[in-house]
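In my numbering, the protein residues as written are 7 to 391. C-beta: ideal position from N, C-alpha, C; glycine also. For reference, the structure is listed below as structure tokens.
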Amino acid sequence: MTLIPRLVTLVGFALLACGTHAAEPAAALTLPSTLKDAVGHRFHIGAALGTDLIKGEDPRGEQLLATHFNSITPGNVMKWEYIQPKLDQFAFDLADRFVALGQRDRMQLIGHTLMWHSQTPDWVFQNADGSEISREELLQRLRAHIAAVVGRYKGKVAGWDVVNEAIRDNDGTLRTDKPWYRILGEEAIFAAFEAAHQADPDAELYYNDYSLENPVKRAGVLKLVQAIRARGLRIDAVGSQGHWGLDWPTIGAIEASFNDFTNAGFKVMITELDVTMLPRPMNYFGAEISTLFESAPELDPYRAGLPEDKQAELARRYAEIFAVFAKHSHNLTRVTFWGTTDRSSWLNNFPIRGRTDYPLLWDREGEPKPALRAVIEVLRDAPAP
Ligand code: XIL
7 MTLIPRLVTL VGFALLACGT HAAEPAAALT LPSTLKDAVG HRFHIGAALG TDLIKGEDPR
67 GEQLLATHFN SITPGNVMKW EYIQPKLDQF AFDLADRFVA LGQRDRMQLI GHTLMWHSQT
127 PDWVFQNADG SEISREELLQ RLRAHIAAVV GRYKGKVAGW DVVNEAIRDN DGTLRTDKPW
187 YRILGEEAIF AAFEAAHQAD PDAELYYNDY SLENPVKRAG VLKLVQAIRA RGLRIDAVGS
247 QGHWGLDWPT IGAIEASFND FTNAGFKVMI TELDVTMLPR PMNYFGAEIS TLFESAPELD
307 PYRAGLPEDK QAELARRYAE IFAVFAKHSH NLTRVTFWGT TDRSSWLNNF PIRGRTDYPL
367 LWDREGEPKP ALRAVIEVLR DAPAP
């Protein structure tokens, strides 16, 4: 890894600090810390990597990563449709590059994800003639997939999102409308955890989902992870994705979620953090990637840039979020952002395609936003764990 600068020059911050107008030349402001130095030993601090970064086509993102983060998750390249696009034909190239990049920079490597209802090809659930495969055949495919993927990165990937989003938002029950669970029921989940543990007994294993601040969904997830543990299977933590907004969830709801899982004996991780600045149509706050809406000009209000007052609101929101993370850091093992710069965020295309969102700590040009300074300051001022 390249030398980590102890002093980070953040020109963008000077504007805000002096209350100057953006048109005036900015004096460089020196902050005493990178993001990861500010976090210290409280928890790992991570980012999801887009495919362009993994291919070496995002030098700014790569630099931010090496300077500010110590954990990485692949945004896409380890998902089933990428890594086993056709039956028994694995495409490991990009996943291998992700792993090599992380090893070069001594990152904690997170695998995402082994079993999910999205980004999984239809053939997985079909016979050659298109009919639905048997229970036994599907279990066999699941086990073979996990053995191949986890086995390949044994000793390199520290932890796996074994199962992603198995629980419904509205009532906390298993998504039995999805083929994994329609065909296999809860056994799909137990089999996935078992296969992952067999393939790498030292790897941490996680259940990952969104909207865990919703008590009904959380109760369903809690029941599921307790069932996994009751089977005697390894499960190290619950991943809470953290696709949040300015006003939702409340800090109280975030704490309630931490408390419920940690009281039940599970560590928690924030695995996909971002804060959308854009309106959500029909009040949809979930992260189910197939839920898409039509665009309209009023739903994409900041195409020309984020107004200063909104920038400040985002900074305040991130400050309160990281204050609560610092408070719970004895039970929180990792905080991962879903991307590095606003340009790289999936929220530009979800739940409406082609909008301009501002959910992360660096802007489209890779310059630090006031929210980054706010996070660093709140961590520096918070009591040490
Ligand atoms: C997203 C990726 O960021 C996008 O590039 C892709 O088109 C869709 O999936 N929850 C998850 C992630 O667990 O895998 C999703 O990632 C975002 C929601």
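Got a sec, what are the start and stop residues for the beta strand (DSSP E) residue i sits in?
i      : result
His249 : 249–251
Thr277 : 273–282
Ser77  : 77–80
Leu338 : 338–343
Asp215 : 210–215
Ser246 : 243–246
Ala53  : 50–55
Considering only DSSP beta bridges, list what residue i is partnered with.
i      : result
Leu180 : Ile173
Asp1   : The first residue shown for the chain is 7 and the last is 391, placing residue 1 beyond what the model contains.
Trp368 : Thr347, Pro374
Gln146 : Looking at the DSSP assignment, Gln146 forms no beta bridge with any residue, so it has no partner.
Glu68  : DSSP, once it has assigned bridges, lists no residue as partnering Glu68.
Glu304 : For Glu304, which the question treats as bridged, DSSP gives no partner whatsoever.
Gln125 : According to DSSP, which records beta bridges pairwise, Gln125 is partnered with nothing at all.
Glu138 : Gln132
Lys92  : Gln95
Between the options, which has its C-alpha nearest residue i's C-alpha?
i      : options                        : result
Val45  : Ser77, Pro91, Leu93, Leu59     : Ser77
Gly81  : Tyr364, Thr73, Leu353          : Leu353
Trp166 : Arg386, Val244, Arg361         : Val244
Trp250 : Pro376, Arg359, Tyr216         : Tyr216
Ala310 : Thr362, Tyr290, Phe331         : Thr362
Lys85  : Met113, Gln125, Ala329, Arg66  : Gln125
Phe131 : Pro376, Leu190, Pro221, Glu278 : Leu190
Arg66  : Ala390, Asp348, His118, Leu385 : Asp348
Gly360 : Pro303, Leu320, Tyr324         : Pro303
Tyr213 : Ala205, Val227, Pro207         : Val227
Leu120 : Ser140, Tyr159, Leu367, Ala233 : Tyr159
Arg370 : Asp387, Ile358, Ser350, Pro389 : Ser350
Glu87  : Leu59, Gln146, Gly136, Val155  : Val155
Glu193 : Asp206, Glu142, Ile241, Glu373 : Glu142
Ile116 : Pro391, Pro376, Lys375, Thr339 : Thr339
Glu278 : Asn220, Arg323, His118         : His118
Phe291 : Leu41, Glu219, Ala332          : Glu219
Glu300 : Asp64, Gly238, Phe356          : Phe356
Ala225 : His203, Asp206, Ser263         : Ser263
Ala209 : Arg48, Ala164, Val330, Ile295  : Ala164
Gly157 : Gln204, Phe199, Ile139         : Gln204
The alpha helix (DSSP H) with residue i in it runs from where to where?
i      : result
Gln114 : Counting along the chain, Gln114 falls outside any alpha helix (DSSP H), though it belongs to the beta strand (DSSP E) covering 114–121.
Glu326 : 314–333
Gly360 : Taken as a continuous stretch (DSSP letters only), Gly360 belongs to no alpha helix (DSSP H), as it is neither H nor E.
Arg6   : Missing from the structure shown is residue 6; the chain here goes from 7 to 391 and no further.
Ser263 : 257–269
Val231 : 221–236
Arg188 : 185–190
Glu87  : 86–89
Glu200 : 193–205
Lys61  : That residue, Lys61, is in no alpha helix (DSSP H); it is neither H nor E in DSSP.
Val83  : Unbroken run through Val83: none, as it is neither H nor E.
Leu41  : 41–45
### Task
Report yes or no: do three or more beta-carbon pairs, one from the region 253–262 and one from the region 167–184, lie closer than 8 angstroms?
no
### Query
Within the chosen definition, does the region 52–70 reach the region 343–358 through at least 3 CB pairs nearer than 8 angstroms?
yes
### Query
Between the region 107–117 and the region 141–151, do at least 3 Cβ pairs fall closer than 8 angstroms?
no
### Message
Across the region 89–104 and the region 380–389, are there enough close Cβ pairs to call them in contact, namely three or more that are closer than 8 angstroms?
### Response
no
### Message
With three or more C-beta pairs closer than 8 angstroms as the rule, is the region 298–310 touching the region 276–286?
### Response
These segments touch.
### Query
If we count Cβ pairs, one from each stretch, closer than 8 angstroms, do we get three or more for the region 259–275 versus the region 231–247?
yes
### Query
Do the region 310–320 and the region 364–375 touch if we need at least three Cβ pairs shorter than 8 angstroms?
yes
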